Amino acid sequence: MKEKIAALNAEILAFIPINSEQLEAFRIQYLGKKGRIQDLFADFKNLAPELRKETGVLLNDLKNNAQHKLDEYKDSFQSTTTEKAATDLSMPADFLTLGSRHPLSVMRNEIISIFSRIGFVVSEGPEIEDDWHNFSALNFPPEHPARDMQDTFFIEKSADKGDIALRTHTSSVQVRMMENNKPPIRAIFPGRVFRNEAISARAHCIFHQVEGLYIDKNVSFADLKQTLLYFAKEMFGENTSIRLRPSYFPFTEPSAEMDISCSICGGKGCNICKYTGWVEILGCGMVDPNVLDNCGIDSKAYTGFAFGMGIERITMLRYGIRDLRLFFENDVRFLKQFEGAL
Ligand code: DAH
3 MKEKIAALNA
13 EILAFIPINS
23 EQLEAFRIQY
33 LGKKGRIQDL
43 FADFKNLAPE
53 LRKETGVLLN
63 DLKNNAQHKL
73 DEYKDSFQST
83 TTEKAATDLS
93 MPADFLTLGS
103 RHPLSVMRNE
113 IISIFSRIGF
123 VVSEGPEIED
133 DWHNFSALNF
143 PPEHPARDMQ
153 DTFFIEKSAD
163 KGDIALRTHT
173 SSVQVRMMEN
183 NKPPIRAIFP
193 GRVFRNEAIS
203 ARAHCIFHQV
213 EGLYIDKNVS
223 FADLKQTLLY
233 FAKEMFGENT
243 SIRLRPSYFP
253 FTEPSAEMDI
263 SCSICGGKGC
273 NICKYTGWVE
283 ILGCGMVDPN
293 VLDNCGIDSK
303 AYTGFAFGMG
313 IERITMLRYG
323 IRDLRLFFEN
333 DVRFLKQFEG
343 AL
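Here my numbering = 1-based position in the sequence shown + 2.
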């Protein structure tokens, strides 16, 4: 019995498997229920009692050696298989899921690009603004309703230093531009604006505007009209026409609102243009001489025009989006539709 154990022990210690199949065959041969070690345990029962103690120890050692061999190589085969998989250069790579630009950014970039082609530069101003830049310099009378608490998010109310508020429009950046630069000035100002409005499909308390300003000698209303016609055609297509309706803004005189022929129905009438064939896209006008003087520009020597548009509105018209809240919900199913847009 002792010799048999020693012989098996030698076999087991010498065994070196080269793959997991060989190792499995080893397990069955030595450690299986009908394996060779199990046979020895069966013989052990017939052994004389005085030999049992010593032989039992040898038999247990034999079984442990076989089990160790199995454990040792089982781990090494597993790790080489995964290593091989990880370094297999022929495996297809994981696809990178790229994000996409937000539709409002796409449109802002496009508006910037359209105006930069005719010489407008881009400038930005602060979102937290003082009363002077948001209202007073822009010729808002002290009791004008736009200053009212209902529209404006005030941060600080102060009679002597002036109120501080979240800007309600990007027209505030006009003022900063004129205060800090000499004409000719030709610039657009994109940015976020804030108004205390209930959120609905057509209104939000945070939205985006692009303001435009052109100041030089002899700038006329005809220049304004031609610039905006160029913009409308670049943005909505060559067949787009524009219509200017008289309006009122404290900072422009005369003032107008501009409609474009409905880009959805081509002017035939649909529920987007409320069956008029026209949709309003911006406010504009000739910069009021008071505003020029407030900002340190001689209104006797210079004239200029300004305009302001909502980026949400332009984007909704361009892509046929019906609900403004989609822009702020960040639902990837909505955002993914703009993949690839610049
Ligand atoms: N600031 C105006 C608004 O938020 C838009 C606007 C109208 C801007 C006429 C202008 C302008 O520059 O001339 O509704």
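Where a beta carbon is used, it is the ideal one built from N, C-alpha and C, also for glycine.
Everything numeric in this text was worked out from a predicted model, so none of it was measured.
Please look up how many angstroms separate the CB atoms of Gln-152 and Ala-308, rounded, as I've assumed it's under 8 Å. Along the sequence shown, one-based indexing puts residue 152 at 150. Along the sequence shown, one-based indexing puts residue 308 at 306. Not really, about 25 Å apart at Cβ, beyond 8 Å.
Would you say Ile-187 faces chain B, with C-beta separation under 8 Å as the test? In the structure shown, chain B cannot be found, because there is only a single protein chain.
Figure out for me which residue from Ala-8, Val-212 and Ile-113 has the closest Cα to the Cα of Met-311. If you number the sequence shown from 1, residue 311 lands on position 309. Met-311 has its Cα closest to that of Val-212, out of Ala-8, Val-212 and Ile-113.
When Val-289, Pro-143 and Val-281 are compared against Tyr-304, the one with the closest alpha-carbon: Here residue 304 refers to the residue found at position 302 when the sequence shown is read from its first residue. Ranking Val-289, Pro-143 and Val-281 by Cα distance to Tyr-304 puts Val-289 first.
Let me check you understand the geometry: is the CB of Cys-207 closer than 7 Å to at least one non-hydrogen atom of ligand 1? On the sequence shown, residue 207 is found 205 positions in, with the first residue counted as 1. It does not: the Cβ of Cys-207 is nowhere closer than 7 Å to a heavy atom of ligand 1.
Hey, Arg-245 and Asp-261: beta-carbon distance below 8 Å or not? As a working mapping, residue 245 is identified with position 243 in the sequence shown. As a working mapping, residue 261 is identified with position 259 in the sequence shown. The answer is yes: Cβ separation under 8 Å.
For the structure I just gave you, are there three or more beta carbon pairs, one from the stretch 40-56 and one from the stretch 12-20, closer than 8 Å? No, because fewer than three Cβ pairs between the stretch 40-56 and the stretch 12-20 fall closer than 8 Å, the two stretches do not touch.
Decide if Ile-130 is buried, meaning its Cβ has at least 16 other Cβ atoms within 10 Å, or exposed. Within the sequence shown, the letter at position 128 stands for residue 130. Exposed, by the Cβ-count rule.
Can we count Ser-301 as close to ligand 1, meaning its CB is less than 7 Å from some heavy atom? Taking the sequence shown and counting its residues from 1, one reaches residue 301 at position 299. Not under cutoff, so the answer is no.
What is the residue span of the beta strand (DSSP E) that Pro-256 lies within? Your numbering for residue 256 matches position 254 in the sequence shown. Segment 254-263, the beta strand (DSSP E) holding Pro-256.
Which residues DSSP lists as bridging Met-2, in chain order: This structure gives no information on residue 2, because the portion of the chain shown stretches from 3 to 344.
Please classify Leu-53: does DSSP put it in a helix, a strand, or coil? Against the sequence shown, residue 53 aligns to sequence position 51. The answer is helix: DSSP assigns Leu-53 an H, G or I state.
For Val-221, which of helix, strand or coil comes out of DSSP? As a working mapping, residue 221 is identified with position 219 in the sequence shown. In the three-state DSSP reduction, Val-221 falls in the coil class, being neither helix nor strand.
Taking one C-beta from the stretch 221-239 and one from the stretch 196-213 each time, how about it: are there three or more such pairs within less than 8 Å? Contact fails: fewer than three Cβ-Cβ distances are below 8 Å.
Tell me whether the beta-carbon of Leu-106 lies closer than 8 Å to the beta-carbon of Ile-313. Start at 1 with the first residue of the sequence shown, and residue 106 comes out as number 104. Start at 1 with the first residue of the sequence shown, and residue 313 comes out as number 311. Leu-106 is a Cβ neighbour of Ile-313, given a cutoff of 8 Å.
What is the rounded straight-line gap between the Cα of Leu-319 and the Cα of Arg-327? Within the sequence shown, residue 319 is the residue found at index 317, counting from 1. Within the sequence shown, residue 327 is the residue found at index 325, counting from 1. Cα to Cα, the separation comes out at about 15 Å.
Span of the beta strand (DSSP E), counted from its first residue to its last, around Phe-330: The residue given as residue 330 occupies position 328 in the sequence shown. Run containing Phe-330: none in the beta strand (DSSP E); it sits in the alpha helix (DSSP H), 328-331.
Give the DSSP-derived three-state secondary structure of Phe-117 in the structure shown. Residue numbering aside, residue 117 sits at position 115 when the sequence shown is read from its first letter. Correct three-state label for Phe-117: helix.
So the candidates are Asn-332, Glu-331 and Leu-337; which of them puts its Cα closest to the Cα of Tyr-321? Here residue 321 corresponds to residue number 319 of the sequence shown, with the count starting at 1. Cα-wise, what sits closest to Tyr-321 is Leu-337.
Rounded to the nearest angstrom, what separates Leu-344 and Arg-110 at their Cα positions? Taking the first residue of the sequence shown as 1, we reach residue 344 at position 342. Taking the first residue of the sequence shown as 1, we reach residue 110 at position 108. Arg-110 has its alpha-carbon roughly 10 Å from the corresponding atom of Leu-344.
Closer than 7 Å to a non-hydrogen atom of ligand 1 - does that hold for the CB of Ser-222? Taking the sequence shown and counting its residues from 1, the one referred to as residue 222 is at position 220. No, Cβ of Ser-222 sits at least 7 Å from all heavy atoms of ligand 1.
Unbroken alpha helix (DSSP H) run spanning Ile-130, endpoints: Here residue 130 is taken as the residue at index 128 of the sequence shown, counted from 1. Annotation: Ile-130 is outside any alpha helix (DSSP H); the continuous beta strand (DSSP E) that includes it extends over 130-132.
Option nearest Leu-64 by Cα separation, candidates Phe-97, Lys-36, Lys-4 and Ile-116: Numbered from 1 along the sequence shown, position 62 holds the residue referred to as residue 64. Selected option, being the one with the closest Cα: Lys-4.
Minimum length 4: unbroken alpha helix (DSSP H) runs contained in the stretch 3-45: Fully enclosed alpha helix (DSSP H) runs of 4 or longer: 4-16 and 22-28.
Could you tell me whether the stretch 141-161 touches the stretch 172-191, where touching means 3 or more Cβ pairs closer than 8 Å? The stretch 141-161, when compared against the stretch 172-191, does not touch it at the 8 Å Cβ threshold.
What residue from Thr-154, Ala-68 and Asn-136 has the CA that sits closest to Ala-200's CA? The residue given as residue 200 occupies position 198 in the sequence shown. If we check each option's Cα against that of Ala-200, Thr-154 comes out closest.
May I ask you to report which of helix, strand or coil DSSP gives Ala-68? As a position in the sequence shown, residue 68 is number 66, starting the count at 1. Residue state, collapsed to three classes: helix.
Alpha carbon to alpha carbon, how far is Thr-278 from Ile-323? Give it in angstroms, no decimals. Counted from its first residue, the sequence shown places residue 323 at position 321. Counted from its first residue, the sequence shown places residue 278 at position 276. Looking at the two C-alpha atoms, the distance is approximately 19 Å.
Backbone CA spacing between Val-108 and Tyr-75 [nearest angstrom]: Translated into the one-based positions of the sequence shown, residue 108 becomes position 106. Translated into the one-based positions of the sequence shown, residue 75 becomes position 73. Rounded to whole angstroms, Val-108 and Tyr-75 show a C-alpha spacing of 58 Å.
Indicate the three-state DSSP secondary structure (helix, strand or coil) for Arg-204 in the structure shown. Numbered from 1 along the sequence shown, position 202 holds the residue referred to as residue 204. DSSP places Arg-204 in coil when its eight states are reduced to three.
Pick helix, strand or coil for Ser-301, following the three-state DSSP scheme. Numbered from 1 along the sequence shown, position 299 holds the residue referred to as residue 301. In the structure shown, Ser-301 adopts coil according to DSSP, grouped into three states.
By DSSP's criteria, Arg-194 is part of a beta bridge. Which residues make up the other side? Within the sequence shown, the letter at position 192 stands for residue 194. Answer is His-210, bridged to Arg-194.
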